[in-house]
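Colleague: Mind looking over this structure? Questions follow.
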Amino acid sequence: MSPGEEEKSYVSRVNGPVVTVKGMGSACMYEVVRVGELGLAGEVVRQSAGCSIVQVYEDTSMLKPGAPVKRTGAPFSLWLGPGLMGNIYDGVQRPLRSLLASGGSWIKRGGKTDPLDISRRWEFEPLLKAGQEVAAGQAAGLVPETPLVRHKVLVPPGMSGKVISAAAAGSYSVTDTLAVVETARGPVELKMMQKWPARQARPAAERRRVSEPLVTGQRVIDTFFPIGKGGCACIPGGFGTGKTITQHQLAKWSDAGIIIFIGCGERGNEMTEVLREFPELKDPRTGRPLMERTILIANTSNMPVAAREISIYTGITMAEYYRDMGYDVAVFADSTSRWAEALREMAVRLEEMPAEEGFPASLPSRLAQFYERGGAVTTLNKEPGSISIVGAVSPPGGDFSEPVTQHTRRFTRVFWSLDTELANARHYPSINWLRSYSDYLDEVEPAWEKLCPGWRGLRSEAMVVLQREEHYQQIGRLIGPDALPDGQRLYLFIGGIMRDGFLAQNAFEEKDMYCPPAKQAALLGLIMALYRGGREYIKAGGSLKEISSLPCVPAILRARTDYAGDDLAGLAGLSARLAGELEALTAKSVTEGS
Amino acid sequence: MNKVRDYAPDRGLTYTGASRMEGLLVAVERVRDAGYDELVEITGPGGEPRLGRVLDISEELALVQVLEGTGGLSGRTVRARFLGESLRLPVSENMLGRVFDGLGRPMDGGPPPLSEDRRDVNGLPINPVARRYPREFIQTGISAIDGMNALVRGQKLPIFSGNGLPHDKVCAQLVRQACLPKDEAGFCVIFAAMGIKRDVADYFRRDFADSGALSRVAMFLSLADAAGVERLLAPRAALTLAEHLAFDCGRHVLVVLTDMTNYCESLREVGTARGEMPGRKGYPGYLYSDLASLYERAGRVDGSPGSITQTAILTMPSDDISHPVPDLTGYITEGQIVLDRELFQRGIYPPIAGLPSLSRLMKDGVGKGYTREDHPALASQLFACYAYVKRVRALADIIGEEELGPGDKQYLKFGEAFELRFLSQGERENRPIARTLDLGWEILSMLPREELRRVSGALLDEHYAEETGVEKG
Numbered sequence: 047m048s049p050g051e052e053e054k055s056y057v058s059r060v061n062g063p064v065v066t067v068k069g070m071g072s073a074c075m076y077e078v079v080r081v082g083e084l085g086l087a088g089e090v091v092r093q094s095a096g097c098s099i100v101q102v103y104e105d106t107s108m109l110k111p112g113a114p115v116k117r118t119g120a121p122f123s124l125w126l127g128p129g130l131m132g133n134i135y136d137g138v139q140r141p142l143r144s145l146l147a148s149g150g151s152w153i154k155r156g157g158k159t160d161p162l163d164i165s166r167r168w169e170f171e172p173l174l175k176a177g178q179e180v181a182a183g184q185a186a187g188l189v190p191e192t193p194l195v196r197h198k199v200l201v202p203p204g205m206s207g208k209v210i211s212a213a214a215a216g217s218y219s220v221t222d223t224l225a226v227v228e229t230a231r232g233p234v235e236l237k238m239m240q241k242w243p244a245r246q247a248r249p250a251a252e253r254r255r256v257s258e259p260l261v262t263g264q265r266v267i268d269t270f271f272p273i274g275k276g277g278c279a280c281i282p283g284g285f286g287t288g289k290t291i292t293q294h295q296l297a298k299w300s301d302a303g304i305i306i307f308i309g310c311g312e313r314g315n316e317m318t319e320v321l322r323e324f325p326e327l328k329d330p331r332t333g334r335p336l337m338e339r340t341i342l343i344a345n346t347s348n349m350p351v352a353a354r355e356i357s358i359y360t361g362i363t364m365a366e367y368y369r370d371m372g373y374d375v376a377v378f379a380d381s382t383s384r385w386a387e388a389l390r391e392m393a394v395r396l397e398e399m400p401a402e403e404g405f406p407a408s409l410p411s412r413l414a415q416f417y418e419r420g421g422a423v424t425t426l427n428k429e430p431g432s433i434s435i436v437g438a439v440s441p442p443g444g445d446f447s448e449p450v451t452q453h454t455r456r457f458t459r460v461f462w463s464l465d466t467e468l469a470n471a472r473h474y475p476s477i478n479w480l481r482s483y484s485d486y487l488d489e490v491e492p493a494w495e496k497l498c499p500g501w502r503g504l505r506s507e508a509m510v511v512l513q514r515e516e517h518y519q520q521i522g523r524l525i526g527p528d529a530l531p532d533g534q535r536l537y538l539f540i541g542g543i544m545r546d547g548f549l550a551q552n553a554f555e556e557k558d559m560y561c562p563p564a565k566q567a568a569l570l571g572l573i574m575a576l577y578r579g580g581r582e583y584i585k586a587g588g589s590l591k592e593i594s595s596l597p598c599v600p601a602i603l604r605a606r607t608d609y610a611g612d613d614l615a616g617l618a619g620l621s622a623r624l625a626g627e628l629e630a631l632t633a634k635s636v637t638e639g640s
Numbered sequence: 051m052n053k054v055r056d057y058a059p060d061r062g063l064t065y066t067g068a069s070r071m072e073g074l075l076v077a078v079e080r081v082r083d084a085g086y087d088e089l090v091e092i093t094g095p096g097g098e099p100r101l102g103r104v105l106d107i108s109e110e111l112a113l114v115q116v117l118e119g120t121g122g123l124s125g126r127t128v129r130a131r132f133l134g135e136s137l138r139l140p141v142s143e144n145m146l147g148r149v150f151d152g153l154g155r156p157m158d159g160g161p162p163p164l165s166e167d168r169r170d171v172n173g174l175p176i177n178p179v180a181r182r183y184p185r186e187f188i189q190t191g192i193s194a195i196d197g198m199n200a201l202v203r204g205q206k207l208p209i210f211s212g213n214g215l216p217h218d219k220v221c222a223q224l225v226r227q228a229c230l231p232k233d234e235a236g237f238c239v240i241f242a243a244m245g246i247k248r249d250v251a252d253y254f255r256r257d258f259a260d261s262g263a264l265s266r267v268a269m270f271l272s273l274a275d276a277a278g279v280e281r282l283l284a285p286r287a288a289l290t291l292a293e294h295l296a297f298d299c300g301r302h303v304l305v306v307l308t309d310m311t312n313y314c315e316s317l318r319e320v321g322t323a324r325g326e327m328p329g330r331k332g333y334p335g336y337l338y339s340d341l342a343s344l345y346e347r348a349g350r351v352d353g354s355p356g357s358i359t360q361t362a363i364l365t366m367p368s369d370d371i372s373h374p375v376p377d378l379t380g381y382i383t384e385g386q387i388v389l390d391r392e393l394f395q396r397g398i399y400p401p402i403a404g405l406p407s408l409s410r411l412m413k414d415g416v417g418k419g420y421t422r423e424d425h426p427a428l429a430s431q432l433f434a435c436y437a438y439v440k441r442v443r444a445l446a447d448i449i450g451e452e453e454l455g456p457g458d459k460q461y462l463k464f465g466e467a468f469e470l471r472f473l474s475q476g477e478r479e480n481r482p483i484a485r486t487l488d489l490g491w492e493i494l495s496m497l498p499r500e501e502l503r504r505v506s507g508a509l510l511d512e513h514y515a516e517e518t519g520v521e522k523g
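Each protein sequence line maps, in turn, to chains A and B. What the first sequence shows, in the numbering used here, is residues 47 to 640, in sequence order. What the second sequence shows, in the numbering used here, is residues 51 to 523, in sequence order.
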């Protein structure tokens, strides 16, 4: 039976967002239905013995048994086309600005608006001619979506054949026909907009190895725990450790072409902050407002839980769409724990057997499916494209042994572990350098070495210093740091400078919020030069006191905020000053010694 | 308790007899035309009506949760009247100055509030696009809050406390100094009590009365002796009124919710009674979403001058901040004020813990144009130095204070001064923000200038007091 035919379906039972529907035996799994007089959107999640179980994305208050249910005949699908960029959507792709215009400041139930503005006209430049053979994934034309994004109108996956007719250049709406293609199944119209089911990954020609770094401008990440374009990272931290600020920083400064930020079950004010800041902030590479390359998905914690569950797929599907145009896309999901909790809540209502901590047994495979949609690929159009995913995890009680953190670790290769103690001392980003790791070091090394020669060696040297610092600190905690010999206290001293002068980064200070690779290398090189000089001097019998009271030490500490990102000459000057002072010190001690 | 008025005497269909009764639940068969979450009036042989809500409804069976419990009801004679709507609260400005129960029924002997405007107590989510980012500093006159964890209008900042700690005093002082000074006419306070003792509610009431502002306070009391389920509705009723006052009447509203731990326990009780799958420590798996549905009702909205600021008090069972209630709260709220038992035992009032306390919205509400230019750097430096004090103290516990280096000893002195002079203040002492900041500099100046790495040279030149050098080392 097709959805158009009369089938008397009605609500039989309501238990929160889980609604049992009778008389809908022919509905497909994950088909979207409209429930009740208000037409609340929901999704069929189970079929059994004449009953369909529907998960409703909206509040079901005062929904009554007997209320009508309408099928739509399609799974939950997104509208993909020009107009996504710069927009803000809820978890089921309702544009929040349009909802505001039509329904006021509060999100009312049953509100329906088109995800894309169908009245808006876009300048279209065709790339197809009549008579030409086209294949899926090929660009049929170009639309300047924003000054930063050249939108390629793609031939949808699964469509190929000969072009019968093609539209000329001009302005069109997203629903206008731009070409007609003679496929094996007859002529098919090609439009600017296509629909794609959110739960299904979009195809690509093949996977590529990650090789390009995703430059984030955050020192502790880029220098110590880098992520590659197409990589997946996990960022766990208890409350107050700065997960969201770190995610915002990455979303602002990452050198990806497209940013998709999914606020999944988090605070409303945080999304407001993004909305307020992003249009004002300028992309450091192009000088254009960041919002021109950003899509926001906001399903805040008080919005319906079923919509929260699907919001992650909404975000990743949009990311795949832009990846297919050959963009490097970065997806930030804050927070995947809230998404997992939504899964749990739905599973409990569906009376599924719980596994660890009440989460459904399918949690690991659901997480794996999500992270596997990231990666570097060759698109159907034989272009490189990538999706990097950074998932925040909010472990209860800050305990990383809980299921969401543990399983996320299995499917991501970068782990940025946020630390309560650092956060308490207001050291941000509070990424713990001894507990974090990146598995992409080897992959991104060649590219980083090209950006700043000597990167890997400097990094390894600095890591050793940080490890020794921790070691001597432990000893110092037992016997007092003053009891340590100067040669060991040097590590405490340099470690302190690394923390304050390199690892900490102020997200609100203009010169510090974004640190280009060359400045990162220069800063670290400066600190390492101080370390090497100090080590040699102390080995030769000098004292730490003389090293720590060098006049240039405070300048090194403040270098990250004193010098702008492109002021390499200034940093080179400081480096020469340090070398001079170290030399003078050595010369003095030699004269005194002789 | 005063006799409460019938909720809606003239509405709905009545059914007699229940097929099953258990704990708080009554199952009524073959109910027609009733909806999920609908309000039900249950009447037993005594004739005293009790309110309930539909938790689960199918063609055959409606499962009703009775707010006051099923004690004394008989399956054969019980009557259930379905009222045709979910719980609504009449809202009006006249409700200020009054006392209500958790469902919004008057408890002060006065008449029920008259209003045509009846709102669903569950509210609706604010569209994130419609929110206005909160950044208007509220001076509380408490240094630990203003200086280090500043509160802004539209923020939700809970107080994490423990049993026996003076959270009520701190909260009352905050309300008195921030919201109820005589010149702040538009401000009003909504107080929702959940499962606290009558003495505590009376303490707040007296305190509001003393500041002469009782006419700007509305109280929703669901005290320790009230039914568990009513506690779940009290904060929702309070927030419904708050939304009306803030966004329709343009007032600045402070909502005090106390005690959230009791609220969560009621939620657990109800969840267990329904036979739900328990999550951590037996709390339901949806605790986060449920708490968010309360906390997220704070904020500001474009197009309205009003605001809802929330402060929820919660007592951490055995002072454990990783307990699910404080843990999930911390993930939703914009920071937290943590009270510290050790400071309290040392006689320091207010015993606000320096390090774990946090205000997430502070960064945008202080500094140039809001409080004073030096504020953010000063706060950051105080946090960093105080964190170091904690490390030195841990070290001193092991090797003894005498063995510490001279620099570390200076830090110990700084720590003492920070706690005794900066954190500590009188219950009636209202410190202006400028005084708080100057005090912060005074204490920072006990440390050598080169230790203050988070402050720029220009600010140090302006504020670092060299003359206190006498006190050093």
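Where is the CB? At the ideal position from N, CA and C, for every residue including glycine.
1. Buried or exposed: where does residue 386 (chain B) fall if 16 or more other Cβ atoms within 10 Å of its Cβ makes it buried?
2. Please give me, in chain order, every unbroken run of the alpha helix (DSSP H) with length at least 4 that falls completely inside the stretch 536-602 of chain A.
3. Determine the burial state of residue 166 (chain B): buried for a count of at least 16 other Cβ atoms within 10 Å of its Cβ, exposed for fewer.
4. I want to see whether chain A comes within less than 7 Å of residue 108 (chain B), judged by CB atoms only; does it?
5. Leaving out five residues on either side along the sequence, give the residues of the same chain with a beta carbon under 8 Å from the beta carbon of residue 157 (chain A).
6. Mind pulling the chain A residues with CB within less than 8 Å of residue 413 (chain B)?
7. Among residues of its own chain, excluding the 5 on either side of residue 165 (chain A), which ones have a beta-carbon nearer than 7 Å to its beta-carbon?
8. Could you please tell me which residues of the stretch 285-309 of chain B, in chain order, have their CB closer than 7 Å to any CB of chain A?
9. For residue 108 (chain A), name the three-state secondary structure that DSSP assigns.
10. Just to confirm before moving on: does the CB-CB distance between residue 18 (chain B) and residue 382 (chain B) stay below 7 Å?
11. I'd like to check one pair, residue 415 (chain B) with residue 200 (chain B): are the Cβ atoms closer than 7 Å?
12. I need the straight-line Cα distance from residue 250 (chain B) to residue 102 (chain B), nearest angstrom please.
13. Hey, does residue 396 (chain A) have any beta-carbon neighbour from chain B nearer than 7 Å?
14. Using beta carbons (cut-off 7 Å, strictly below), is residue 549 (chain A) in contact with chain E?
15. Listing by chain order, which chain B residues have their CB less than 8 Å from the CB of residue 403 (chain A)?
16. With a cut-off of 8 Å on the beta carbons, I'd call residue 337 (chain B) and residue 317 (chain B) a contact; round off their distance for me.
17. Taking only three categories from DSSP, how would you classify residue 104 (chain B)?
18. I want to see whether chain B comes within less than 7 Å of residue 448 (chain A), judged by CB atoms only; does it?
19. If we call anything under 7 Å between Cβ atoms a contact, is residue 184 (chain B) one with residue 202 (chain B)?
20. I'd like to know whether the C-beta of residue 111 (chain A) is nearer than 7 Å to at least one C-beta of chain B.
21. Does DSSP classify residue 211 (chain B) as helix, strand or coil?
22. Under 8 Å by Cβ, that's how I've got residue 275 (chain A) and residue 260 (chain A) pegged, so tell me the actual separation to the nearest angstrom.
23. Anything in chain B within Cβ reach of residue 600 (chain A), meaning under 9 Å, just list it in chain order.
24. So who's on the other strand from residue 238 (chain B), going by DSSP bridges?
25. In terms of residues, what are the limits of the beta strand (DSSP E) holding residue 641 (chain A)?
26. In terms of residues, what are the limits of the alpha helix (DSSP H) holding residue 272 (chain B)?
27. Just to make sure I have the definition right: I need the residues of chain A whose C-beta is within less than 7 Å of the C-beta of residue 75 (chain B). Which are they?
28. Determine the direct distance from the alpha carbon of residue 288 (chain A) to that of residue 464 (chain A), and round the result to whole angstroms.
29. Please return the same chain residues whose Cβ sits closer than 7 Å to the Cβ of residue 473 (chain A), not counting the five positions on each side in sequence.
30. Evaluate residue 136 (chain A) with the Cβ neighbour count: other Cβ atoms within 10 Å of its Cβ, from every protein chain shown; 16 or more gives buried, anything less gives exposed.
31. Compare the C-beta of residue 351 (chain A) with all C-beta atoms of chain B and state if any pair is closer than 7 Å.
32. Interface residues of chain A around residue 433 (chain B) at Cβ under 8 Å?
Modeller: To lay it out plainly:
1. Counting C-beta atoms within 10 angstroms of its own C-beta, residue 386 (chain B) has 16 or more neighbours from the protein chains shown and is therefore classed as buried.
2. 563-585, 590-594
3. Counting Cβ neighbours within 10 Å, residue 166 (chain B) comes out exposed, since fewer than 16 surround it.
4. yes
5. 140, 145, 148, 149
6. Chain-order list of chain A residues neighbouring residue 413 (chain B): 554, by C-beta distance under 8 Å.
7. 219
8. none
9. coil
10. In this structure chain B extends from 51 to 523, so residue 18 (chain B) is not present and cannot be described.
11. Contact: yes.
12. For residue 250 (chain B) and residue 102 (chain B), the distance between alpha carbons rounds to 28 Å.
13. no
14. Absence of chain E from the displayed structure is noted, the protein chains being A and B.
15. 329, 330
16. 7 Å
17. strand
18. no
19. yes
20. yes
21. strand
22. 5 Å
23. Those within 9 Å of residue 600 (chain A) in chain B are 500, 503, 507.
24. Per DSSP, B:303.
25. Nothing can be reported for residue 641 (chain A), as the shown portion of chain A is limited to 47 through 640.
26. Residue 272 (chain B) -> not in any alpha helix (DSSP H); beta strand (DSSP E) instead, spanning 267-272.
27. Here the premise fails: no neighbours, minimum Cβ distance about 13 Å.
28. 8 Å
29. 545, 550
30. buried
31. yes
32. 470, 471, 472
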